[in-house]
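Trainee: Sending over a structure as structure tokens; questions will come in a sec.
Residue numbers (our numbering): 4 to 272.
Listed below in structure tokens is the structure:
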């Protein structure tokens with residue numbers, strides 16, 4: 004169903020100022036609902052044409068005011084079309100908010116990232132491992148550090164995140180943080196998940212990662228030889244604490260369990 008929008012300019016006699024000038028108001032009617040906003044222009048009532056909705060005559064004053072009203076009409080129509088383009092319903096409320104400049108909530112990066120991390124935290128042990136939460140917490144910390152380094156700010160409007168932001172972030176990870184290739188790629192992958200959340204919610208029009216390419220390099224894992232493990236077993240350690248650390252490490256070597264899995268083992272297991 005097409006929205007019916009009409010625009011009318013009229014002089015509001017009840018609000019005449021001390022000089023007797025009448026304010027010109029803009030009345031926008033959308034499907035029977037009205038919006039009334041000041042045009043910030045005043046006119047003598049005798050010079051105003053109610054029928055035409057503009058100032059009478061061709062004086063310099065009349066041309067100036069009528070041009071201003073025409074520009075207002077064009078701006079209102081442009082704002083209406085912008086709402087249509089963004090698939091936002093054109094209502095009295097949405098158009099008024101657009102005209103007043105409060106049509107869109109400013110969404111900033113850190114709260115979105117933190118909200119994502121809070122959701123991960125709630126699902127630790129159900130859908131995510133504790134290590135996953137730690138990685139995203141570290142990724143958020145790095146992002147905040149990068150914002151301060153690059154822009155001298157603690158947060159940023161997500162609409163200001165573009166391709167240059169992504170490449171600068173990658174440079175910062177590799178240079179300032181001295182991250183190896185695979186580590187930098189993993190942090191950017193974490194950050195990209197936050198961007199995807201913004202895209203899925205229609206908070207971003209363009210994907211800043213669209214033309215970004217990165218690749219994890221295959222790493223040859225170094226492992227201990229049997230002789231090296233035997234040397235660790237035979238090592239004479241001076242404290243019981245170090246012996247315990249050594250035994251846990253050897254247990255991981257022989258079982259293949261990751262540190263976090265060994266840490267979570269219980270006595271009953």
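Where is the CB? At the ideal position from N, CA and C, for every residue including glycine.
Among 123, 178, 243, 174, which residue has its Cα nearest to the Cα of residue 196?
Mentor: Residue 196 has its Cα closest to that of 123, out of 123, 178, 243, 174.
Trainee: For a test of the three-state rule: what should DSSP assign to residue 211, helix, strand or coil?
Mentor: Reduced to three states, the DSSP call for residue 211 is coil.
Trainee: If distances are taken between C-alpha atoms only, which option among 58, 42, 40 comes closest to residue 48?
Mentor: Checking every option, the nearest Cα to that of residue 48 belongs to 58.
Trainee: Look at the alpha carbon of residue 176 and the alpha carbon of residue 215, and state the distance between them as a whole number of angstroms.
Mentor: Going from the Cα of residue 176 to the Cα of residue 215 covers about 15 Å.
Trainee: How many Å lie between residue 163 and residue 155 at the Cα?
Mentor: Rounded to whole angstroms, residue 163 to residue 155 spans 14 Å at the Cα level.
Trainee: For residue 51, does the count of other Cβ atoms within 10 angstroms reach 16, so buried, or fall short, so exposed?
Mentor: Its Cβ being crowded by 16 or more others within 10 Å, residue 51 is buried.
Trainee: State the Cα-Cα distance for the pair residue 27 and residue 146, rounded to the nearest angstrom.
Mentor: Each residue's alpha carbon lies about 50 Å from the other.
Trainee: So, under 8 Å CB-CB, residue 82 and residue 103 are touching, yes? Tell me the CB distance rounded to an integer number of Å.
Mentor: The Cβ separation is near 10 Å, so there is no contact.
Trainee: Under 8 Å Cβ to Cβ from residue 13, same chain only, skipping five residues before and after it: list those, please.
Mentor: So the qualifying residues of the chain are 27, 28, 30, 53, 56.
Trainee: Thinking just about the alpha-carbon of each residue, which of 166, 90, 125, 143 is nearest to the one in residue 157?
Mentor: Of the candidates 166, 90, 125, 143, the one whose C-alpha sits nearest the C-alpha of residue 157 is 143.
Trainee: So if DSSP puts residue 80 in a beta bridge, which residue, or which two residues, is it bridged to?
Mentor: The partner list for residue 80 (beta bridge, DSSP) is empty, contrary to what the question assumes.
Trainee: For residue 34 and chain D, any beta-carbon pair shorter than 7 Å?
Mentor: Chain labels in this structure do not include chain D; a single protein chain is all it has.
Trainee: Under the three-state reduction of DSSP, which class applies to residue 51: helix, strand or coil?
Mentor: Of the three classes helix, strand and coil, the one that applies to residue 51 here is strand, per DSSP.
Trainee: For residue 40, write down the residues that DSSP places opposite it in a beta bridge.
Mentor: Beta-bridge pairing links residue 40 to 29.
Trainee: Relative to the C-alpha of residue 174, which residue among 159, 61, 149 is closest?
Mentor: Of the listed residues, the one whose Cα sits closest to residue 174 is 149.
Trainee: How long is the line joining the alpha carbons of residue 33 and residue 165, rounded to whole angstroms?
Mentor: Each residue's alpha carbon lies about 36 Å from the other.
Trainee: For residue 15, count the other beta carbons within 10 Å of its own beta carbon; 16 or more makes it buried, fewer makes it exposed. Which is it?
Mentor: Result: exposed.
Trainee: Using a Cβ-Cβ cutoff of less than 8 Å, which residues in the same chain neighbour residue 85 once the five nearest sequence positions on both sides are dropped?
Mentor: The answer, listed in chain order, is 101.
Trainee: Please report the residue range of the alpha helix (DSSP H) in which residue 183 lies.
Mentor: No alpha helix (DSSP H) contains residue 183, which DSSP labels as neither H nor E.
Trainee: Can you give the beta carbon distance from residue 184 to residue 138, rounded, assuming they're within the 8 Å contact cut?
Mentor: That pair is no contact at about 17 Å.
Trainee: What did DSSP end up calling residue 4 once you bin it into helix, strand or coil?
Mentor: Confidence is the limiting factor: at residue 4 the pLDDT is only 49, short of 50, which leaves the residue's position unreliable, though a coordinate-based value still follows. It is coil, neither helix nor strand.
Trainee: For residue 249, report the span of its alpha helix (DSSP H) as first-last.
Mentor: From DSSP, the alpha helix (DSSP H) with residue 249 extends over 243 to 258.
Trainee: Which residues mark the beginning and the end of the alpha helix (DSSP H) in which residue 139 is found?
Mentor: Counting along the chain, the alpha helix (DSSP H) containing residue 139 begins and ends at 133 to 154.
Trainee: So, using beta-carbon positions, are residue 1 and residue 188 closer together than 7 Å?
Mentor: Here the chain covers residues 4 to 272 and nothing more, so residue 1 does not appear.
Trainee: Which whole-angstrom value is the C-beta distance of residue 190 and residue 182, which I expect to be below 8 Å?
Mentor: The Cβ separation is near 7 Å, so the contact holds.
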